[in-house]
Each structure stands twice: as C-alpha cells, then as structure tokens.
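Have a look at the structure below before the remarks.
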Amino acid sequence: MTSDQTSTDQLHTRLRRIEGQVRGIARMLEEGRTCEDVVTQLMAIRSSIDTVGAAVLDRHLCNCIEPETDPNEQIVALRQAMKLWWRFAPAAGAVGADPTTEGASSPLPLD
C-alpha cells in the first residue's frame with residue numbers, strides 16, 4: 015500500500031469519525047442534553063474538521079510544488095495554496111491577517 019493510499023485511508027477514517035460525532039449531536043439534541051454538552055461536541059467536530067482540512071492542504075502542498083519546476087511557478091503554486099488555506103480557515107486571524115486580501119500588509123508582494 016502506498017503512503018498516498020494510507021493517507022487517503024486515514025482521511026476516510028477521520029471523516030467517518032466526524033460523521034459519528036454529528037450523529038451523536040443529533041441524539042444529544044433529541045435527548046435534551048445541555049447546551050454546554052452540545053457546544054463541547056460541536057467544538058470537537060470543528061477541531062476534527064480543521065485537522066482533516068490541514069491534512070488535505072498539506073497533501074496538496076506536497077503534490078503541487080515540485081522541486082524541478084521553475085521557481086516562479088513554485089511561487090505561484092505556493093500563493094495559490096495560501097489563498098486556499100485562507101478560504102478554508104478564515105478564523106486563522108490568530109495566526110495573522112490574511113495577506114491575500116487587499117489592504118493587508120505582507121512582507122512579500124502577493125501580486
């Protein structure tokens with residue numbers, strides 16, 4: 015089994031776990047569980063989705079930027095990956111402002 019297949023299998027396993035968590039929240043609501051319990055589970059799902067998203071983006075980075083390509087093409091591919099990340103994680107403001115938006119300061123020009 016290739017590492018790519020292993021990675022895909024691991025992502026599927028995580029996604030099935032997330033599906034189970036969502037079904038669990040539906041049961042919690044039917045059972046009248048406390049808002050705190052439900053929100054705690056929602057936060058766990060959000061964290062799980064973030065983990066899957068980061069793994070998918072990591073995989074994309076490993077596959078989209080080839081060492082043999084022209085450095086300018088690598089920069090374009092990296093910028094596209096950064097834009098994809100910012101679309102996925104708009105709340106990543108804790109790490110810094112989205113440098114792909116107008117008016118944001120960035121040490122590197124993104125155009």
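Here the sequence shown stands for residues 15 to 125, where the numbers follow this note's numbering.
Built from N, CA and C at the ideal position, the CB exists for glycine as well.
Cβ pair residue i, residue j closer than 8 Å
i, j, result
"S62", "Q35", "yes"
"C78", "A103", "no"
"L43", "V52", "yes"
"I32", "I59", "yes"
Candidates the options: closest to residue i by CA position
i, options, result
"R101", "I79, P85, G67", "G67"
"R93", "P81, L75, A103", "L75"
"T65", "W99, Q19, E80, E45", "W99"
Which runs of the beta strand (DSSP E), 3 residues or longer, sit entirely within the region 44-104?
-> Correct list: empty.
Hey, is the region 17-30 in contact with the region 69-85, meaning 3+ C-beta pairs nearer than 8 Å?
-> By the C-beta criterion, the region 17-30 is judged to be in contact with the region 69-85, since at least 3 inter-stretch pairs fall below 8 Å.
Could you say if the region 39-46 and the region 70-86 meet the contact criterion of at least three C-beta pairs nearer than 8 Å?
-> They do not touch, by the three-pair rule.
Note down, one range per segment and in chain order, each beta strand (DSSP E) of at least 3 residues found wholly within the region 18-47.
-> Qualifying beta strand (DSSP E) stretches: none in this window.
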